[in-house]
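Contents: one structure, followed by commentary.
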Amino acid sequence: KAGVTQTPRYLIKTRGQQVTLSCSPISGHRSVSWYQQTPGQGLQFLFEYFSETQRNKGNFPGRFSGRQFSNSRSEMNVSTLELGDSALYLCASSPDRGNTQYFGPGTRLTVL
Amino acid sequence: EDQVTQSPEALRLQEGESSSLNCSYTVSGLRGLFWYRQDPGKGPEFLFTLYSAGEEKEKERLKATLTKKESFLHITAPKPEDSATYLCAVQSQYNNNDMRFGAGTRLTVKP
Numbered sequence: 064k065a066g067v068t069q070t071p072r073y074l075i076k077t078r079g080q081q082v083t084l085s086c087s088p089i090s091g092h093r094s095v096s097w098y099q100q101t102p103g104q105g106l107q108f109l110f111e112y113f114s115e116t117q118r119n120k121g122n123f124p125g126r127f128s129g130r131q132f133s134n135s136r137s138e139m140n141v142s143t144l145e146l147g148d149s150a151l152y153l154c155a156s157s158p159d160r161g162n163t164q165y166f167g168p169g170t171r172l173t174v175l
Numbered sequence: 790e791d792q793v794t795q796s797p798e799a800l801r802l803q804e805g806e807s808s809s810l811n812c813s814y815t816v817s818g819l820r821g822l823f824w825y826r827q828d829p830g831k832g833p834e835f836l837f838t839l840y841s842a843g844e845e846k847e848k849e850r851l852k853a854t855l856t857k858k859e860s861f862l863h864i865t866a867p868k869p870e871d872s873a874t875y876l877c878a879v880q881s882q883y884n885n886n887d888m889r890f891g892a893g894t895r896l897t898v899k900p
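Put into structure tokens, the structure is as follows:
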């Protein structure tokens, strides 16, 4: 089975812009979670989607949003980018809620 | 609040020198404890899931164990290719399946 794929792998944006990241889960997986990883804060949970509905949300501002499509693919959007949004954004999928999560390679976002 | 603390932050071993990584946790209703390995610039790679105290799992040179308060990742006769950051995470059955990660242990194995 193919693993979790994320596009793009690298992204450079400037402050104030917005960005959309994409995640394709492992075939058959219905739950998709997003995480932000930085050297200072480590891995932090952003949100989880299941059956096209956001089921859980971490402690991030409303500038961070996401959605899930009927084929379980997911996108996350960050509006009005700030320098502190520079991070590795990771997507993880699992067959169902509460199962082991499998991570993609991540999207490295740099905000200048 | 659910918490995960990993120690040590960094560990340097000689090839063949066995050791253990610690993951201490507090969680309301443990659904599962997870170990991942992460190489620089890559996504975490799944290693093990443990569900209840007393459970053990092995994979090649790695063995994970679980008690009610902590988990250990034992590395037997490590090789340089075992160098990576090892992450521990817990999932609560009472907290919307939140995954809470520790800061990780950065392992370096010298030949």
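Just so you know, the protein sequences line up as chains C and Y, in that order. At position 29 of the first sequence (counting the first as 1) the number is 92 in this note's numbering, and the numbers step up by one without a gap. At position 31 of the second sequence (counting the first as 1) the number is 820 in this note's numbering, and the numbers step up by one without a gap. Glycine included, each C-beta is placed from N, C-alpha and C at the ideal position.
Measuring alpha carbon to alpha carbon, tell me which of Y/E870, Y/S860 and Y/L855 ends up nearest Y/G805. Counted from its first residue, the second sequence places residue 805 of chain Y at position 16. Ranking Y/E870, Y/S860 and Y/L855 by Cα distance to Y/G805 puts Y/E870 first.
Distance, Y/T854 Cα to Y/S813 Cα: Within the second sequence, the letter at position 24 stands for residue 813 of chain Y. Within the second sequence, the letter at position 65 stands for residue 854 of chain Y. If you draw a straight line from the Cα of Y/S813 to the Cα of Y/T854, it is about 12 Å long.
Strictly below 8 Å CB to CB, what residues from chain C border Y/K831? Counting from 1 along the second sequence, the entry for residue 831 of chain Y is found at position 42. Ordered by position in chain C, the residues that pass the 8 Å Cβ test against Y/K831 are P168 and G169.
Have a look at Y/L810 and C/D148 and give me their C-alpha separation to the nearest angstrom. Position 21 of the second sequence, counted from the first residue, corresponds to residue 810 of chain Y. Position 85 of the first sequence, counted from the first residue, corresponds to residue 148 of chain C. Those two C-alpha atoms are separated by around 31 Å.
Residues that C/G105 contacts on chain Y, provided the C-beta gap is smaller than 8 Å: Here residue 105 of chain C refers to the residue found at position 42 of the first sequence. Neighbours of C/G105 on chain Y, chain order: F890, G891, A892 and G893.
Does the distance from the CB of Y/L896 to the CB of Y/L822 come in under 8 Å? By one-based count along the second sequence, residue 896 of chain Y stands at place 107. By one-based count along the second sequence, residue 822 of chain Y stands at place 33. Cβ distance not < 8 Å, so Y/L896 and Y/L822 don't count as in contact.
Tell me whether Y/G804 sits in a helix, a strand or coil according to DSSP, three-state version. For the purposes of this step, residue 804 of chain Y is identified with residue 15 of the second sequence, where counting begins at 1. First, the amino acid is wrong: residue 804 of chain Y is Glu here, not Gly. Correct three-state label for Y/E804: coil.
Y/E790 in three-state terms, based on DSSP: Here residue 790 of chain Y refers to the residue found at position 1 of the second sequence. Correct three-state label for Y/E790: coil.
Can you confirm whether Y/L836, when its beta carbon is compared against all beta carbons of chain C, has any partner nearer than 8 Å? Locating residue 836 of chain Y in the second sequence gives position 47, counting from the first residue. It does not: the Cβ of Y/L836 has no partner Cβ on chain C nearer than 8 Å.
If C/L84 and C/T170 are in contact, beta carbons under 8 Å, what's the gap, nearest whole angstrom? Here residue 84 of chain C refers to the residue found at position 21 of the first sequence. Here residue 170 of chain C refers to the residue found at position 107 of the first sequence. That pair is a contact at about 5 Å.
Contact set between Y/L876 and chain C, taken where Cβ atoms lie within less than 9 Å: Locating residue 876 of chain Y in the second sequence gives position 87, where the first residue counts as 1. Contact note: Y/L876 reaches chain C through G105 and L106, using a C-beta cutoff of 9 Å and chain order.
Three-state secondary structure (DSSP) of Y/E870: Locating residue 870 of chain Y in the second sequence gives position 81, where the first residue counts as 1. In the structure shown, Y/E870 sits in a helix (DSSP, three-state: H, G or I).
I'd like the ranges of any alpha helix (DSSP H) spanning at least 4 consecutive residues and lying wholly in the segment 76-126 of chain C. none
List the endpoints of the continuous beta strand (DSSP E) containing Y/V816. As a position in the second sequence, residue 816 of chain Y is number 27, starting the count at 1. Taken as a continuous stretch (DSSP letters only), Y/V816 belongs to no beta strand (DSSP E), as it is neither H nor E.
Beta carbon of C/R130 nearer than 8 Å to that of C/F113: For the purposes of this step, residue 130 of chain C is taken as residue 67 along the first sequence, with counting starting at 1. For the purposes of this step, residue 113 of chain C is taken as residue 50 along the first sequence, with counting starting at 1. No, these two residues do not count as a Cβ contact at 8 Å.
Residues of chain C with CB under 8 Å from Y/Q880, in chain order? By 1-based counting over the second sequence, the position of residue 880 of chain Y is 91. What Y/Q880 touches in chain C: G161.
Which residue's Cα is closest to the Cα of Y/L851: Y/E790, Y/Q792 and Y/Y825? Sequence index remark: in the second sequence, residue 851 of chain Y carries index 62 (1-based). When only C-alpha atoms are compared, the closest one is Y/Y825.
Secondary structure of Y/G821, DSSP reduced to three states: Here the question's residue 821 of chain Y lines up with position 32 in the second sequence. Here Y/G821 sits in strand by DSSP.
Contact with chain Y by C/Q99, beta-carbon distance below 8 Å: As a first step, residue 99 of chain C is located in the first sequence; it is residue number 36 there, counting from the start. Not an interface residue.
Near-chain Y residues of the segment 126-154 of chain C - C-beta to any C-beta below 9 Å: In summary, the residues of the segment 126-154 of chain C whose CB is separated from some CB of chain Y by less than 9 Å are L151, L153 and C154, in the order they occur in the chain.
On the CB-based measure, 16 or more other CB atoms within 10 Å of its CB, does Y/E847 come out buried or exposed? To locate residue 847 of chain Y, count along the second sequence from 1; it is residue 58. Looking at its Cβ environment, which holds fewer than 16 other Cβ atoms inside 10 Å, Y/E847 is exposed.
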